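Below: one structure, written as structure tokens.
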Amino acid sequence: MEIEILGHKDTRSGFGEGLAELGRVNPNVLALCADLTGSLKMDAFLKENPDRFFQIGIAEANMMGIAAGMTIGGKIPFTGTFANFSTGRVYDQIRQSIAYSQKNVKICASHAGLTLGEDGATHQILEDIGMMRMLPNMTVIVPADFNQTKQATIAIADHQGPVYLRFGRPVMPIFIKPDAPFIIGKADVIKEGNDVTIIACGHLVWKSIEAIKTLEERGISVELINMHTIKPLDEAAILASVAKTKCVVSAEEHMINGGLGEAISQVLSRNLPVPQEFVGVDDSFGESGAPMELMTKYGIDTQNIISAVLKVLARKG
Amino acid sequence: MDNNKLVEIASQVRRDVLRMVHAVNSGHPGGSLGCADFLSFLYFEKLRINAENFTMDGKEEDLFFLSNGHISPVWYSVLARAGYFPVSELATFRRLSSRLQGHPSTDKKLPGIRMASGSLGQGLSVGIGAAISKKLNHDTNLVFTLHGDGELQEGQIWEAAMYASANKVDNIIATIDFNGRQIDGDLDDVLPLGNLSEKWKAFGWEVLEMDGHNFNSIRSVMDSAISLTGKGKPIVIIMKTEMGQGVDFMMGTHKWHGSAPNDQQLEAALEQLAETLGDY
């Protein structure tokens, strides 16, 4: 499989570029931040649109409420802080004032998962996808690389309704073309194959690409789906692929409990039960360390995907 | 509007509240009765609104947010009496498939409601956001919010208070229903607020005080509050009220915060409140 590396950047910078682009073309887009402007790469938007940027201070609950209120009158607020403070800290504010109230707020969450790194478990949220996908009315998007995060940021401004957009801190390979189509709820088939389906999101899409190189050397034909939208889930893409391969591995930088893998399981158990293996964090908090070391230690690295594929193939028989 | 007319409206609103809560044996009559005068004044005399053509965006209208959503009965009654939806719909309060949910919601599209509330402490942030949106839209109408005094125990209120003054959100008027009671008892026994007026002043707000059961006081203080908008500071009104106001045996206690009257109690209560606009 030839996947061209187009460069290396962090997904949060894709958000920053997308937001800046929106600032230039959509006067209703507002940006709010809770004292993490630099970390969220919101500087360009701030510089170009100081009257549409709102520094809330370290008060995330207030930020979510203000964003909800701003939608009344037609504004499209984008909130920016770490994923931990974008979800767990403010779950009730999101639940009542945004999701239940059907407000057009875009919750943009950086530093998600283990790859936040050295700050440790207090900041490494691994439950956010679960919390957000449980909320009625919420759309949940986890783009795979810099280019896709930029595309997704721009796309959600035109989507009416609350959105959770999750991205991360580390510099990773860019492999999705800047002009590739991005459609909310429509999965990307990165590579076609016949023996096994890998369905991944976020940084694990690249890890899956790495795994496929090894698997192909062993003669295993892998289909890789980038499930950038966790909710609404592209059930048709899952079923079409699994009907062919008859087994699946899910891969995500998130707790297995409540994540993408469970969402896929639900689709399969209702429609097409097949063996599934889960690459994700197994009911554990993280810890301090370098991002890639953490992915290895907590079982969400390339080797874990390879092992999961071999295991699921053995189960398929 | 003539004070006598406002008294009539508020009497009918109180009847509505008690009948709604009694009919389903659930809901929050105490705080509802305490805010009947204020909300009647707001909707029948002060707010610049278009009740017959409700829009979510409320452009070129004043906006009102009820942060202490549990007093939904009084809000629903006032909204219906002001023309947002048929008065007969009050009979559906808290019943299955009703637009009149136990706590206000937007998902069933009840005209007049722009934000769900019930989980406390969120409405001031929402009001500030809406007020900022109005400024961005060059809309000179105002945003009004109402909060319980117990609700001020929520930390988010103070995050919002700090933000609004620091950022000169001066097109919002927040009112505190200061009845001194909450579910578990007297506010001073549960968690005292200390010197509430000084707290708000320390947070950079203009602070006014008002008798929530005297229409002359309500009118003059509200006029003062409105005259203070646009001068760089948010405005808060500490409104002294009596939980259960208008029904003698519901006053002077927290017991009726979230309890419905039985048949005999309803009858005794309604005898104290004139039917002025016709029961629903």
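Residue numbers (the numbering used here), protein chains in the order written: chain A, 1 to 317; chain B, 1001 to 1280.
Note that CB positions come from ideal geometry on N, CA and C, so glycine has one too.
These figures come from a predicted structure and were not determined experimentally.
A:P232 and A:V222 have their alpha carbons spaced roughly 24 Å apart.
Segment contact: the segment 13-20 of chain A against the segment 35-47 of chain A, three or more CB-CB distances shorter than 8 Å; contact assigned. In this structure, B:G1180 lies near B:D1188, with their beta-carbon atoms less than 8 Å apart. Taken through DSSP and simplified to helix, strand or coil, B:F1144 comes out as strand.
Put simply, the segment 1004-1016 of chain B does not touch the segment 133-151 of chain A. Fewer than three CB pairs are less than 8 Å apart. In the three-state DSSP reduction, B:E1052 falls in the helix class (H, G or I).
Nearest CB-CB separation between A:Y91 and chain B: not below the 8 Å threshold. DSSP places B:R1019 in the helix class (H, G or I) of the three-state scheme. Contact with chain A is absent for B:A1202, since none of that chain's Cβ atoms lies less than 8 Å from the residue's Cβ. Shown here, A:V281 sits in a strand according to DSSP, grouped into three states.
Excluding the 5 residues flanking it on each side, B:S1197 has same chain C-beta neighbours closer than 8 Å at V1207, E1209 and I1238, in chain order. Judged by beta-carbon spacing, A:A34 lies beyond the 8 Å limit of B:G1129, meaning their Cβ atoms are not closer than that value. At a cut-off of 8 Å between C-beta atoms, A:K75 counts as an interface residue with respect to chain B. Within the segment 1129-1147 of chain B, G1129, A1130, A1131, I1132, S1133, K1134, L1136, N1137, D1139 and V1143 place their CB atoms closer than 9 Å to a CB of chain A, listed in sequence order.
DSSP, reduced to helix, strand and coil, places A:L165 within a strand of the structure shown. For the segment 1147-1170 of chain B, the set of residues with a beta-carbon nearer than 7 Å to any beta-carbon of chain A comprises Q1156, E1159, A1160 and Y1163, in chain order. Within 10 angstroms of the beta-carbon of A:Q160 lie fewer than 16 other beta-carbons, which makes it exposed. Taking the CA atoms as reference points, A:A236 sits about 15 Å from A:E192.
The beta carbon of A:A157 does not come within 8 Å of any beta carbon belonging to chain B, so the residue lies off that interface. Unbroken beta strand (DSSP E) stretches of 3 residues or longer found wholly inside the segment 1164-1210 of chain B: 1172-1178, given in chain order. Relative to the Cα of A:A243, the nearest Cα in the group A:A251, A:P275, A:T229 and A:I256 belongs to A:P275.
When CB distances to chain A are screened at a threshold of 7 Å, not a single residue of the segment 1228-1254 of chain B falls below it. Each residue's CA atom was taken as its position, placing A:E17 and A:I198 some 29 Å apart. When secondary structure is reduced to three states using DSSP, A:N226 falls in the strand class. The beta carbons of B:F1178 and B:D1149 sit about 5 Å from each other, so the pair counts as a contact at 8 Å. The Cβ atoms of B:S1040 and B:L1124 lie no closer than 8 Å to each other.
Going by C-alpha positions, A:T87 is about 10 Å away from A:A112. Straight-line spacing of the CA atoms in A:V205 and A:Q148 works out to 12 Å. Under the Cβ distance rule, A:Q96 counts among the residues neighbouring chain B, one pair being separated by less than 8 Å. Secondary structure of B:A1160 (DSSP, three-state): helix.
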